[in-house]
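Below is one structure, written out as structure tokens; the observations come after it.
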Amino acid sequence: MSTGSSILSPSDAGYAEAKFAFDLHDQKPAAISTPTTVAGVQEAVRWARERGLKIANQATGHVAVALPDLEDALLLKPAIGLEPVIDHAEGFARVGAGTRWRPVVEAAAANGMATMHGSSATVGVVGYHLGGGLSFYARQHGLACNMVRAMEVVTADGEVARIDRDNEPDLFWALRGGGGLFATVTAIEFDLLPFAEVYGGASFWPVETAEAALSTWLDWTRSAPESVTSTFRIVNLPPFESVPEPIRGKNLVVIDGAALDNGDGDAFTARLEGLGDPVISQWGPMPAPAVSTMHGDPEDPVPAIGNSTTIDEVGDELVEAFVEAAGGDSGCSLIAAELRQLGGALRRPDPEGGVANMIDGEFLAFGVGLAAEPGMKAKTEGDLDRLMEAVSPWEGGRQYYNFAVGGATCHDCYPEDDIEALKAIRREYDPEELYLAPLDL
Ligand SMILES: Cc1cc2nc3c(=O)[nH]c(=O)nc-3n(C[C@H](O)[C@H](O)[C@H](O)COP(=O)(O)OP(=O)(O)OC[C@H]3O[C@@H](n4cnc5c(N)ncnc54)[C@H](O)[C@@H]3O)c2cc1C
923 MSTGSSILSP SDAGYAEAKF AFDLHDQKPA AISTPTTVAG VQEAVRWARE
973 RGLKIANQAT GHVAVALPDL EDALLLKPAI GLEPVIDHAE GFARVGAGTR
1023 WRPVVEAAAA NGMATMHGSS ATVGVVGYHL GGGLSFYARQ HGLACNMVRA
1073 MEVVTADGEV ARIDRDNEPD LFWALRGGGG LFATVTAIEF DLLPFAEVYG
1123 GASFWPVETA EAALSTWLDW TRSAPESVTS TFRIVNLPPF ESVPEPIRGK
1173 NLVVIDGAAL DNGDGDAFTA RLEGLGDPVI SQWGPMPAPA VSTMHGDPED
1223 PVPAIGNSTT IDEVGDELVE AFVEAAGGDS GCSLIAAELR QLGGALRRPD
1273 PEGGVANMID GEFLAFGVGL AAEPGMKAKT EGDLDRLMEA VSPWEGGRQY
1323 YNFAVGGATC HDCYPEDDIE ALKAIRREYD PEELYLAPLD L
């Protein structure tokens, strides 16, 4: 039986296609393997180790740009069992490496359940959980990685292990937040949520509404119920046909979110009514899969770069600072300057969780922009710097792994004790430090 482990080198047909990344970063690995079986992953890992090559795990290449240089590395892209298995009776999903969120969200909904996906249905399920997992249900249910039951992995010595709270608990702890630096994950199992319909939606206003909208939203967040998780954004939407006509190519303010209680959802949207006429506003009960596309994240590959930080004890002065950096008169070109609402269950440590089991901050400030050519990249970097500078007075000190893409390391995300524990686990499972990941230790 084929293990699907053939190794492609730069001169092989198929190499150019296999190295493709969603963020369009031009990766130049020494070799590429796209195994379709666990045995194939084992072969690929041993092949790399025998040749003194590093290994970079990847699924979609959403953050390929953040990986170190791959000229001495094998790019390992497992695609194993891409049909998710939903165990309805036990309320969990089993998902193979390489699977994106969309098929999992749809399979869960077909069984009357929902998943802890993030704002994009094209993100890989394994990579998302390895960095925490911030969903639109997070303030009620915490980080997605707290709901992981088990993972199956191939370690740097080429051996297979099934890990959970009782088996290899240290590695299980490290992989829930420490990223792809410790092993290659071949499958993941996680709990599902017992509903298939959610109250959600979005409102868009002209950018001139930015100060009033941010002020109103900020005020609401101070006593918001945990059932609601929402975001505030100032956006420059692309002129693409996929963007609905009334908002296509426009500089707008957006508030979107999901509520796990219809009454809380109604009360939230009632607070937004005083903000004047929205360009578009649509809220109400929707099938759970619609939440995975509600944020309007790109469905097609795009050369984007971003930066983020967590902020805390935010005062009203944030409104002016944020709008000055990203509002209508700022000249900001970012696709989105965003504040994601944190708090609630997200802020309570889960003693059973991994290294990422909570986010210590009130909001995640995040910016993303285009970097298709050097001039555009320089402009985006400048705009990102200005946004980060604007929120810096409230910076919480820690970054959130999945959004920490601006040259951060694990040190920026976790306390020193946890870093020491992660290093010890790496020494045990990957003493030769074969694995490369976007955030090093
Ligand atoms: C448009 C967009 C929206 C996003 N929205 C959210 C959100 O709402 N909430 C949130 O929490 N995050 C969000 N993210 C961040 C996202 O979860 C992380 O970037 C995640 O790492 C992407 O995983 P991937 O597999 O798609 O990307 P890849 O670039 O393929 O992988 C990222 C990293 O994950 C690790 N990895 C992937 N597969 C494996 C494997 N099989 N074994 C071991 N390691 C592996 C590797 O270290 C790899 O470098 C978003 C990202 C984008 C681009």
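So the sequence shown is numbered by my numbering: it starts at 923 and just counts up by one.
For every residue, glycine included, the Cβ atom is placed at its ideal position computed from N, Cα and C.
Keep in mind that this is a model prediction, so the values were computed, not measured.
Test item: CB-CB of residue i and residue j under 8 angstroms
i: Ser1041; j: Asp1219; result: yes
i: Lys999; j: Gln980; result: yes
i: Phe1244; j: Ala1189; result: no
i: Gly1046; j: Thr1077; result: no
i: Leu1371; j: Thr1138; result: No answer is possible for residue 1371: it lies beyond the span of the chain, which begins at 923 and ends at 1363.
i: Gly1179; j: Ser1152; result: yes
i: Leu989; j: Ala953; result: no
i: Asp1113; j: Gly1034; result: no
i: Leu958; j: Ala1001; result: Checking the sequence shown, residue 958 turns out to be Thr, not Leu. Yes. Within cutoff.
i: Val1048; j: Val985; result: no
i: Glu1028; j: Pro1211; result: yes
Length of the line joining the Cα atoms of residue i and residue j
i: Tyr1357; j: Phe1058; result: 31 angstroms
i: Thr982; j: Ala1043; result: 11 angstroms
i: Asp1079; j: Lys1345; result: 17 angstroms
i: Gly1291; j: Thr1331; result: 21 angstroms
i: Ala1015; j: Phe1104; result: 23 angstroms
i: Asp1272; j: Ala1278; result: 9 angstroms
i: Cys1067; j: Phe1325; result: 15 angstroms
i: Gly1018; j: Ser1230; result: 29 angstroms
i: Glu1130; j: Glu1148; result: 29 angstroms
i: Met1280; j: Glu939; result: 38 angstroms
i: Thr960; j: Glu1111; result: It should be pointed out that residue 960 corresponds to Val in this sequence rather than to Thr. If I take the Cα positions, the gap works out to 16 angstroms.
i: Ala1343; j: Arg1349; result: 10 angstroms
i: His1063; j: Leu1115; result: 9 angstroms
i: Leu975; j: Asp994; result: 5 angstroms
i: Arg1170; j: Ile977; result: 41 angstroms
i: Met923; j: Gln964; result: Because the pLDDT at Met923 is just 39, under 50, the model does not fix this residue reliably, and the point stays unresolved.
beta-carbon residue i near ligand 1 non-hydrogen atom, thresh 7 angstroms
i: Val1213; result: no
i: Thr1106; result: yes
i: Ala1293; result: no
i: Asn1033; result: no
i: Ala1359; result: yes
i: Pro1000; result: yes
i: Ala1326; result: no
i: Leu997; result: no
i: Gly1253; result: no
i: Gly1049; result: yes
i: Val1045; result: yes
Nearest to residue i (by Cα), restricted to the options the options
i: Pro1225; options: Ser1214, Lys941, Gly936, His947; result: His947
i: Ile1347; options: Ile1008, Gly1100, Ile1110; result: Gly1100
i: Met1038; options: Ala970, His984, Phe1117; result: Phe1117
i: Ala1259; options: Ala1267, Gly1250, Ala978, Gly1265; result: Gly1250
i: Thr956; options: Tyr937, Gly974, Arg973; result: Tyr937
i: Gly1228; options: Pro1211, His984, Ala1032, Gly1289; result: Gly1289
i: Val1213; options: Gly1102, Val1120, Glu1005, Ser1252; result: Val1120
i: Gly1055; options: Thr1143, Ala1032, Thr1106, Leu1097; result: Leu1097
i: Gly1253; options: Pro1296, Ala1192, Val1007, Lys1301; result: Lys1301
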